[in-house]
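Trainee: Can you keep this structure in mind? I'll have questions shortly.
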Amino acid sequence: MKRFPARLVVLGALSALTLPALAHHSFAMFDFTKTVTITGTVKEFQWTNPHVVLWVNVEGKDPKTPDVWTLEMTSPGNLTRTGWNRKALNPGDKVVVELNPLRNGNLGGALVKVTLTATGQVFSTNLRDMEKPGLK
Amino acid sequence: MNLRKRAVLLAAAVLCLAAPLRAEEKAAGTVNPPPRPADWAAIAKLPDWSGVWTPFISDQDKRIKTDPVPWQPKVAEQIATMVAEEKAGRPKGLFIDCLPEGMPTWMLITHNAFEFLFTPGRVTLLGEMDGNRLRRIYTDGRSHPADPDPTFHGHSIGHWEGDTLVVDTVGVLPQAYLAISEAVGIPNNGDLHVIERIHLTEPDVLHDDLEIIAPHVLTAPWKTTRIYFRQRARKYDIVEGVCLQGFFAERKDNQGNAVFVPIPHADGNPVPQAK
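Below is the structure:
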């Protein structure tokens, strides 16, 4: 089976408007001036409050043991409102994930956007898309 | 006499019998009387607050600057430290223990939707996130208890002034935070009093004008507003939100039972793999 190498792309400073709106705990441990893109395989997708969590296996230095990235999102209620569902991602799915990385360099971040490689379907997490009434 | 007339007469007779008892009980304030048809009919005349209300998060952030909190000097020092720590990427999560945000913080900083239920004598707010997130606002004319048991959401009584619901809340736990973000806030430290005027400003825009009186942490009442947008599409419906569930993974035990197993957490986050 072909493995997708880790692809890290650090983009420049982003505007403050792209800061995610996430409840329960502050997300200040993530560096919102940086966006990292990783390519890997879904290990587990946990659809629970207060934060939905996605774990992704990414090829690292050791070809036998993948790195495991821990990615946090907002709550199931808010994600449902932005078009997600509890079966949006499943173990084994190949994914490309854009994230704001942890400042301390550990393998984790705040998920910005995930693309399913097989279908091209995209799920994003911007709660500010909901800041108007009467949405469809 | 036709059936309909008989039914009307019967209903009138029942109301005549029930009314004196109801008045006595109401005066004593010891029971919640069964609602009458007129009580339900009165609800139909209230403004329509049905649907799901999503918060205007960008405006919450802006109001920290436009409606500055009159913190007492000693508190302001603590707040400044928290702001600096958060800016430096070391936030002190106020709610990572999953205890409720409580009043008035729920209204101030929530990122999740909520809904209103109108029933005779009461307005109920149902929210998401920290488990049992709800507010009961009694609109049946009762007073606050003389010495209410402190709770996260306090004791709330309300009345309608036209299409505005005026809510008075006391009895909030001193430990409940007066917070302006998930990482910046201070326990109210007791004697908290919140007055709210909740009203529509447009058909689908709701304002909560808050006056927060917190004599142990503020130098003066803090007046601010929070804004919410109405959604009617069903994908916006409120879902169950049990905060503590995130601390557990869904697994099978040795007997094949579906069980929750703790996930290592630090500072409210699942522990990531080290670099």
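Residue numbers (this note's numbering), protein chains in the order written: chain D, 3 to 138; chain A, 37 to 311. Ideal Cβ positions, reconstructed from N, Cα and C, are used throughout, including at glycine.
1) List the residues of chain D whose Cβ lies closer than 7 Å to the Cβ of A/Asn-148, in chain order.
2) Anyone know if the C-beta pair for A/Pro-239 and A/Leu-209 falls short of 8 Å?
3) Going by other Cβ atoms of all chains shown within 10 Å of its Cβ, with 16 needed for buried, is A/Ala-182 buried or exposed?
4) Using 8 Å as the cut-off, can you tell me whether the stretch 115 to 135 of chain D makes contact with the stretch 70 to 88 of chain D, which would need three or more C-beta pairs spanning the two stretches below that distance?
5) Starting from the C-beta of A/Leu-280, find all residues in its chain whose C-beta is less than 8 Å away, skip the five residues before and the five after it, and write them out in chain order.
6) DSSP on A/Lys-271, reduced to helix/strand/coil?
7) What separation, rounded to the nearest whole angstrom, lies between the Cα atoms of A/His-180 and A/Val-67?
8) Helix, strand or coil, according to DSSP, for D/Leu-73 in the structure here?
9) Compute the Euclidean distance between the alpha carbons of A/Lys-288 and D/Pro-65, then round it to the nearest angstrom.
10) For the candidate residues A/Pro-298, A/Glu-164, A/Thr-155, A/Leu-246, whose alpha-carbon lies nearest to that of A/Asp-84?
11) For a contact defined as C-beta to C-beta under 7 Å, what are the partners of D/Ser-28 on chain A?
12) Taking 8 Å as the threshold, find out whether the stretch 215 to 223 of chain A comes into contact with the stretch 106 to 124 of chain A through three or more Cβ pairs.
13) Name the residue from A/Thr-200, A/Ile-93, A/His-147 whose alpha carbon lies nearest to the alpha carbon of A/Leu-236.
14) With a CB to CB cut of under 8 Å and the five nearest residues on each side skipped, what residues in its chain are close to A/Leu-170?
15) Given the structure, does A/Pro-306 come close to the ligand NAD, in the sense that its CB is under 7 Å from one of the ligand's heavy atoms?
16) Residues in the same chain with beta-carbon distance under 6 Å from D/Leu-24, minus the five sequence neighbours each way, listed in chain order, please.
17) Where DSSP assigns a beta bridge to A/Trp-258, which residues make up the other side?
18) Near A/Arg-172, which residues of its chain fall below 6 Å by C-beta distance, leaving aside the five closest residues on each side in sequence?
Mentor: If we stick to the structure as given:
1) Residue numbering aside, residue 148 of chain A sits at position 112 when the second sequence is read from its first letter. Chain D residues near A/Asn-148: Ala-25, Ser-77, Gly-79, Asn-80.
2) Taking the second sequence and counting its residues from 1, the one referred to as residue 239 of chain A is at position 203. Taking the second sequence and counting its residues from 1, the one referred to as residue 209 of chain A is at position 173. No. Outside cutoff.
3) Indexing the second sequence from 1 puts residue 182 of chain A at position 146. When all chains shown are included, A/Ala-182 counts as exposed.
4) yes
5) For the purposes of this step, residue 280 of chain A is taken as residue 244 along the second sequence, with counting starting at 1. For A/Leu-280, where only same-chain residues beyond five positions count, the Cβ hits under 8 Å are Cys-134, Gly-167.
6) Translated into the one-based positions of the second sequence, residue 271 of chain A becomes position 235. The answer is helix: DSSP assigns A/Lys-271 an H, G or I state.
7) Mapped onto the second sequence, residue 180 of chain A falls at position 144. Mapped onto the second sequence, residue 67 of chain A falls at position 31. Computed Cα separation, rounded: 15 Å.
8) Taking the first sequence and counting its residues from 1, one reaches residue 73 of chain D at position 71. It is a strand residue.
9) As a working note, residue 288 of chain A is residue 252 in the second sequence. As a working note, residue 65 of chain D is residue 63 in the first sequence. Their backbone Cα atoms lie some 29 Å apart in a straight line.
10) Reading the second sequence from its first residue, position 48 is the one you call residue 84 of chain A. A/Asp-84 has its Cα closest to that of A/Thr-155, out of A/Pro-298, A/Glu-164, A/Thr-155, A/Leu-246.
11) Stepping through the first sequence from its first residue, residue 28 of chain D is reached at position 26. The contacting residues are Glu-122, Pro-127, Gly-129, Ser-217, Glu-218, Ala-219.
12) yes
13) The residue labelled residue 236 of chain A in the question sits at position 200 within the second sequence. Considering only alpha carbons, the answer is A/Thr-200.
14) Here residue 170 of chain A corresponds to residue number 134 of the second sequence, with the count starting at 1. Around A/Leu-170: Thr-160, Leu-161, Leu-162, Gly-163, His-189.
15) Absence of the ligand NAD is noted for the structure shown, with no ligands found whatsoever.
16) In the first sequence, counting from the first residue as 1, residue 24 of chain D sits at position 22. Low local confidence applies: a pLDDT of 49 at D/Leu-24 is under 50, so the model's placement there is unreliable, with the coordinate-based value given in what follows. Hits under 6 Å: Thr-76.
17) Here residue 258 of chain A refers to the residue found at position 222 when the second sequence is read from its first residue. Paired residues: A/Ile-248.
18) Taking the second sequence and counting its residues from 1, the one referred to as residue 172 of chain A is at position 136. Closer than 6 Å at the Cβ level, and outside the excluded window around A/Arg-172, lie Thr-160.
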